[in-house]
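Below is one structure; the comments refer to it alone.
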Amino acid sequence: MKFGIVTFPGSNCDYDAYHALTDVLGEDAVYLWHKDHDLKDADVVVLPGGFSYGDYLRAGAIARFSPIMQEVAAHARTGGPVLGVCNGFQVLCEAGLLPGALVRNANLQFISAPVRIRVESTETLFTNRYEKGELLKIPIAHGDGRYFAPRAVLDALEGEGRVIFRYADARGNTSADANPNGSERNIAGIVSEHGNVLGMMPHPERACSPLLGSDDGVRLFESILARVAA
Amino acid sequence: MPKYRIAVHIVPRKGLLDPQGKAVADALQTLGFDGVAGVHVGRYMTIETSADDALAAGENVREMCRRLLANPVTEDFEVESAVPA
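First to last, the sequence lines map onto chains A and B.
Take 121 as the starting number for the first sequence in my numbering and just add one per residue.
Take 61 as the starting number for the second sequence in my numbering and just add one per residue.
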């Protein structure tokens, strides 16, 4: 299995993703520069966190025009797996590969903290190694993470089982108090219509070792391995 | 082709929670501006572009707003009349 990790100017979680995939998972990974025109035979594309192009205009707005994103979009359209974390989620929304948008946190603060998210579906490429309703401890680090979409889009996402992660408290309740950024319906991660593109604000690649506070992110990558290798 | 300058206002969609606007409104009220009923914080841009005429320049900029300058999910835009640059 080969992972391609995209580096935009301003990406800063590409090394974390590389570490998780190679040192923890033992898989092959390559960096894909934003000006590249091919995916170097990557089976899975990772759009990492950071501040691509300085987040000028809006987070993710400029990144979608980069040469590599044309390849990523083509890969996604043919069913190829794409994981967008944090800024990667913002880029996927701006590129129209996922619906909705990520806007300024409701409390206006940049939040860097471990949070709990509840696994809403285990039917996906990305979550088949989790239990439904399981609570994961995964860090967030963002200023623009409030997921927003019109009500009809939110209803459609829920109806199609495409809300994959929600912010929850220690008992698993998706209360307002457990919602760090004011996201609609506590949404922390969604998948595309065909389930091959996942966007999430929390950072699973930073939760791959007990030394770092949690290894709950490992099974997300193992889920991909299980499904794509099979 | 003549050159035009066009101002664009990008504002959060009405009804969408605007925490920045609310923070500013609260601060204004604290200063004693009791009449303040609402504040919305957006972006202001000026675009210089050449076009056949002022009308075409405006339509050009509206298309820029739809495709890049504004996020169609969360923002509205207003394009002012083109002035010769």
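Heads up, the beta-carbon is just placed ideally off N, CA and C, and yes, glycines get one too.
In this text the structure is predicted, and so the values were computed from the model without any measurement.
For this session: Check proline 72 of chain B in the structure and name its three-state DSSP category.
Result: strand
For this session: Sort B:Gly102, B:Met124, B:Ala116 by Cα distance to leucine 77 of chain B and report the nearest one.
Result: B:Gly102
For this session: Assess, as a yes-or-no matter, whether the stretch 208–225 of chain A is touched by the stretch 314–324 of chain A under the definition of 3 or more beta carbon pairs within less than 8 angstroms.
Result: yes
Exercise. Is it true that the CB of alanine 327 of chain A sits closer than 8 angstroms to the CB of aspartate 336 of chain A?
Worked result: yes
For this session: Using a Cβ-Cβ cut-off of 8 angstroms, state whether proline 79 of chain B counts as contacting chain A.
Result: yes
Exercise. Per DSSP, phenylalanine 123 of chain A is paired with what?
Worked result: A:Ala149, A:Val164
Exercise. DSSP puts proline 234 of chain A in a beta bridge; with which residues?
Worked result: A:Pro259
Problem set entry | chain A contact residues for threonine 134 of chain B, given Cβ-Cβ distances below 7 angstroms | Ala221, Val223, Phe268
Exercise. Rounded to the nearest angstrom, how far is the Cβ of leucine 245 of chain A from that of serine 343 of chain A, given a contact under 8 angstroms?
Worked result: 7 angstroms
Exercise. Does the beta-carbon of alanine 296 of chain A have 16 or more other beta-carbons within 10 angstroms, so that it is buried, or is it exposed?
Worked result: exposed
Exercise. Per DSSP, proline 144 of chain B is paired with what?
Worked result: B:Tyr64
Exercise. Would the beta-carbon of valine 99 of chain B fall within 8 angstroms of that of phenylalanine 268 of chain A?
Worked result: no
For this session: Answer with yes or no whether the minimum CB distance from alanine 226 of chain A to chain B is below 8 angstroms.
Result: yes
Problem set entry | Boundaries of the beta strand (DSSP E) in which methionine 320 of chain A is found, first to last residue | 317–320
For this session: Using DSSP bridges, identify the partner residues of alanine 221 of chain A.
Result: A:Phe268
For this session: Could you please give the first and the last residue of the uninterrupted beta strand (DSSP E) stretch that includes valine 202 of chain A?
Result: 202–205
Exercise. Around the Cβ of leucine 228 of chain A, are there at least 16 other Cβ atoms within 10 angstroms (buried) or fewer (exposed)?
Worked result: exposed
Problem set entry | Contacts around alanine 130 of chain B, its chain only, beta-carbon distance under 8 angstroms, and the 5 residues preceding and following it disregarded | Ile70, Asp136, Phe137
For this session: Please report how far the alpha carbon of glutamate 325 of chain A lies from the alpha carbon of glycine 92 of chain B, in whole angstroms.
Result: 48 angstroms
Exercise. Skipping 5 residues on each side, what residues in its chain have a beta carbon closer than 6 angstroms to that of glutamate 214 of chain A?
Worked result: Gly180, Ala181, Arg184
Exercise. Any chance the stretch 186–196 of chain A sits against the stretch 219–234 of chain A, with 3 or more Cβ pairs inside 8 angstroms?
Worked result: no
Exercise. So, does the CB of alanine 181 of chain A fall closer than 8 angstroms to a CB anywhere in chain B?
Worked result: yes
For this session: Taking only beta-carbon positions, decide if leucine 88 of chain B is within less than 8 angstroms of chain A.
Result: no
Exercise. Given a threshold of 16 other Cβ atoms within 10 Å of its Cβ, counted over all protein chains shown, does histidine 157 of chain A qualify as buried or as exposed?
Worked result: exposed
For this session: Confirm, please, whether the CB-CB distance from valine 235 of chain A to tyrosine 287 of chain A is below 8 angstroms.
Result: yes
Exercise. What are the residues of the stretch 296–311 of chain A that lie near chain B, defined by any Cβ-Cβ distance shorter than 8 angstroms?
Worked result: Gly302
For this session: Could you tell me which residues DSSP puts in a beta bridge with glycine 170 of chain A?
Result: A:Ser131
Problem set entry | Same chain only: Cβ atoms within 6 angstroms of leucine 340 of chain A, ignoring 5 sequence neighbours per side | Phe246, Pro324
Exercise. Threonine 106 of chain B to glutamate 243 of chain A, Cα distance in whole Å?
Worked result: 48 angstroms
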